[in-house]
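Residue numbers (the numbering used here): 119 to 923. Glycine residues also receive a C-beta, built at the ideal position from the N, C-alpha and C atoms. Values in this document were obtained by computation on a predicted structure and should not be read as measured data.
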């Protein structure tokens with residue numbers, strides 16, 4: 119017998135909504151804050167890859183709710199962004215209307231999946247009530263000296279009329295293009311708002327130690343922050359008052375410096391370029407503008423560069439060293455200049471051999487056919503000869519410090535966060551530029567500064583955002599002084615930096631209490647940090663790093679009580695197309711979950727996606743696997759429909775029941791959602807083998823565990839077995855450890871070391887009795903008949919071995 123998933127799912131989704139079943143409670147001793155990385159509501163809607171993570175957190179939340187935890191399991195929308203703005207430009211629609219329409223589609227899809235979200239906590243980053251708080255947080259960053267306007271080299275896209283983040287740029291035929299639209303992108307210096315995340319670099323590193331995160335994500339963040347200890351050494355330019363400062367962690371190799379490399383964007387480049395080299399240098403600078411940083415630092419790419427014509431003096435050896443320009447050096451790392459030691463650096467080696475620059479070995483090695491990058495004593499270095507790396511570094515830095523040519527420095531790969539976007543559809547900056555050049559913050563009582571209503575959101579053509587077109591909005595009077603509003607808007611990352619706090623503050627959809635209030639602090643103390651956070655690893659160094667930065671600033675301001683926002687992180691893998699390719703609209707291989715819900719049911723989709731493999735694994739979609747999940751749910755339905763239940767326990771299922779409850783609970787705790795399903799299957803198999811009536815309590819508790827995975831079917835079975843109310847609000851089953859101690863064991867019987875039989879016996883049976891019973895087994899009798907028994911060995915509770923001639 120099959121159940122009607124359409125009727126059951128519609129019925130119970132209506133019941134949950136009418137009864138506010140998943141409303142967040144706040145009256146239990148224990149809490150669980152279980153969070154999904156919230157979606158961007160695109161026009162395409164969900165595909166079957168999205169429910170994997172959402173179902174995993176839902177299984178966890180449902181178990182915690184039944185374990186009598188207060189559970190906060192919310193959902194919201196990362197609603198600002200370039201796609202909505204580009205759609206609006208193409209169609210003439212307001213991006214707000216387009217976004218709201220998409221949110222309705224997404225929300226309906228999520229509800230069809232039976233996810234236990236509390237929609238009273240729903241948030242939307244583009245709602246003015248929401249970005250009022252985003253603007254307030256920016257103002258605190260500004261007051262704390264962590265936000266400033268600075269000229270920075272940015273990814274400028276003329277076609278889109280905006281600066282793009284690195285993740286919004288791709289490489290095609292060696293050229294930078296925008297992910298949206300494929301427009302050309304170049305590097306361009308522009309004045310931008312910058313957030314000084316680098317001031318929190320050490321704390322962002324230290325905080326990782328206390329987090330239950332995948333080690334791979336921690337390593338990615340550590341490498342992205344890239345802390346290194348070294349020194350800035352000053353090289354005097356020959357026949358000039360200019361100096362080139364380089365950061366190095368290997369001052370011990372200073373005698374091996376063959377050339378100095380400047381980034382093409384370095385302000386010294388044109389100053390040091392001689393007339394005969396100027397044309398080549400200028401051409402090279404223009405070419406570099408079309409390259410992404412990743413390509414420039416790709417060691418597999420051929421290195422290119424141009425000689426400036428200038429030389430510097432090595433401050434230790436006093437040798438003259440040529441100054442080159444090369445795009446493998448980035449201007450926003452350290453000083454934008456590198457001292458190249460090609461004999462001991464593979465990248466410098468490739469460059470030096472290409473341009474016939476000298477190779478000076480200063481670390482002892484026999485093989486001089488390639489760069490030596492290992493550890494060995496210093497050679498060819500005068501007073502440093504024979505020293506090890508640490509000793510030599512110490513001596514060089516001390517000598518140069520005494521001559522005012524060096525200073526110790528801790529450097530980071532982490533760059534300050536470029537926070538401006540030349541877009542309409544983003545949070546307006548809550549600042550005013552006064553006529554006298556000063557910057558003023560909008561009064562807190564006047565927040566939010568809302569996006570103006572307009573039908574004209576085309577790029578300004580001046581490098582400013584479309585808001586620059588709205589002169590009546592831009593030009594204002596502030597305290598009897600002419601003033602202008604900032605026309606750039608914040609990046610999409612701004613709203614996602616604190617949305618996990620917004621859920622706590624929400625008193626209704628997009629209604630929030632004051633983030634500074636005592637009431638807010640009490641709620642933060644209850645719910646923070648997030649206990650389980652599930653999302654893709656692609657957010658490892660952007661969203662996760664930015665959110666940690668904002669949280670630590672808010673901690674310093676006394677707004678939140680914890681140093682870190684997310685205690686446990688799980689990265690869910692992707693669901694690939696059946697041929698192993700990534701699902702994408704362009705490839706036409708996207709599967710709509712609505713179609714699967716229609717054909718197989720939401721419970722089947724939920725069960726299949728978490729059963730197909732570990733949550734972290736990326737696995738191909740299989741309709742065969744989907745069909746298998748549905749068949750098992752039908753089997754469960756038939757089992758309970760046909761069962762003869764009793765209130766008397768015959769103890770036949772004691773062991774398997776208690777073992778399954780223990781394992782399912784522990785496996786969900788450990789986010790091993792797929793193996794927990796396997797245990798539920800073990801129980802169903804055991805019940806099918808039972809001939810006598812089955813103990814009703816065991817069946818009811820099985821339905822409770824099933825409800826975490828297949829909530830609609832479980833609700834129906836709960837009622838079918840004579841209960842009322844929602845199974846989702848019942849108490850999660852517990853197990854009896856004493857029932858897991860088996861009173862019998864299986865004894866293996868070997869003859870001359872080969873297994874010939876097994877038999878079941880009470881635990882602790884003595885050796886003599888084990889041997890006697892073994893000899894009575896038919897197969898053993900046949901093997902030993904007429905044979906001389908040389909030896910009889912027995913191990914209590916394990917084995918009997920009979921040796922014969």
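Item	Value
Output needed for residue 213: all residues of its chain with C-beta closer than 8 Å, excluding positions within five of it in sequence on either side, in chain order.	202, 203, 205, 206, 542, 543, 575
Going by CA-CA distance only, name the one from 356, 357, 351 that's closest to residue 368.	351
Where does residue 172 land, buried or exposed, given buried means 16+ other C-beta within 10 angstroms?	buried
With distances taken Cα to Cα, identify the nearest neighbour of residue 725 among 177, 142, 156, 162.	177
Taking the alpha carbon of residue 579 as the point to measure from, which residue in 846, 399, 278, 145 has its own alpha carbon closest?	278
Just to confirm, are residue 423 and residue 443 a CB contact at a threshold of 7 Å?	yes
From residue 410 to residue 455, what distance separates their C-alpha atoms?	18 Å
Measure how close the beta-carbons of residue 865 and residue 876 come, nearest whole angstrom, since I'm counting them as under 8 Å.	7 Å
Tell me, which residues are paired with residue 607 by DSSP?	539, 546
Is the Cβ-Cβ distance between residue 693 and residue 167 less than 7 Å?	yes
Quick one: complete beta strand (DSSP E) runs, 3+ long, within the segment 242-301?	265-275, 280-282, 287-290, 293-296
Return the CA-CA distance between residue 404 and residue 162, expressed in angstroms with no decimal places.	38 Å
Note down, one range per segment and in chain order, each alpha helix (DSSP H) of at least 4 residues found wholly within the segment 427-477.	464-472
Within 10 angstroms of the Cβ of residue 871, are there 16 or more other Cβ atoms? Answer buried if so, exposed if not.	exposed
Going by CA-CA distance only, name the one from 528, 309, 141, 747 that's closest to residue 345.	528
Measuring alpha carbon to alpha carbon, tell me which residue in 709, 770, 755 is nearest residue 740.	709
Say whether the segment 547-563 touches the segment 604-621, bearing in mind that this needs 3 or more beta-carbon pairs closer than 8 Å, one atom from each stretch.	yes
Would you call residue 903 buried or exposed, if buried means 16 or more other Cβ atoms sit within 10 Å of its Cβ?	exposed
Say yes only if the C-beta of residue 831 is nearer than 6 Å to one or more non-hydrogen atoms of the ligand FAD, and no if none qualify.	Here there are no bound small molecules, and the ligand FAD is not part of this structure.
Whose CA, out of 362, 310, 429, 378, lies closest to the CA of residue 73?	Since the first residue shown for the chain is 119 and the last is 923, residue 73 is missing from the structure and cannot be characterised.
Using only CA atoms, which one of 743, 768, 812 lies nearest to residue 760?	812
Determine the burial state of residue 783: buried for a count of at least 16 other Cβ atoms within 10 Å of its Cβ, exposed for fewer.	buried
From this set, 920, 611, 772, 842, which residue's C-alpha is nearest residue 857's C-alpha?	772
For a test of the three-state rule: what should DSSP assign to residue 874, helix, strand or coil?	strand
Should residue 929 go down as buried or exposed, given a rule of 16 or more other Cβ atoms within 10 Å for buried?	An answer regarding residue 929 cannot be provided, because it is not within the stretch 119 to 923 covered by the chain.
Of the choices 883, 144, 867, 878, whose alpha-carbon is the least far from that of residue 893?	867
With residue 112 and residue 152 assumed to form a contact (beta carbons below 8 Å), what rounded beta-carbon distance in angstroms separates them?	The requested residue 112 is not part of the displayed model; the chain covers only 119 to 923.
Going residue by residue through the segment 648-706, where are the continuous alpha helix (DSSP H) segments of at least 4 residues, counting only ones entirely within it?	661-674
Just the C-alpha distance for residue 519 and residue 687, rounded to the nearest angstrom, thanks.	45 Å
Could you tell me whether the segment 387-395 touches the segment 419-435, using the rule of 3 or more Cβ pairs below 8 Å?	yes
With 16 other CB atoms within 10 Å as the buried threshold, where does residue 610 fall?	buried
When the distance is taken between beta carbons, is residue 470 closer than 7 Å to residue 376?	yes
Would you identify the three-state DSSP class for residue 347, choosing helix, strand or coil?	strand
In the DSSP assignment, what residue or residues form a beta bridge with residue 852?	For residue 852, which the question treats as bridged, DSSP gives no partner whatsoever.
At which residue ranges does the segment 122-207 contain complete alpha helix (DSSP H) runs of 4 or more residues, listed in the order of the chain?	123-137, 168-184
What is the residue span of the beta strand (DSSP E) that residue 626 lies within?	624-626
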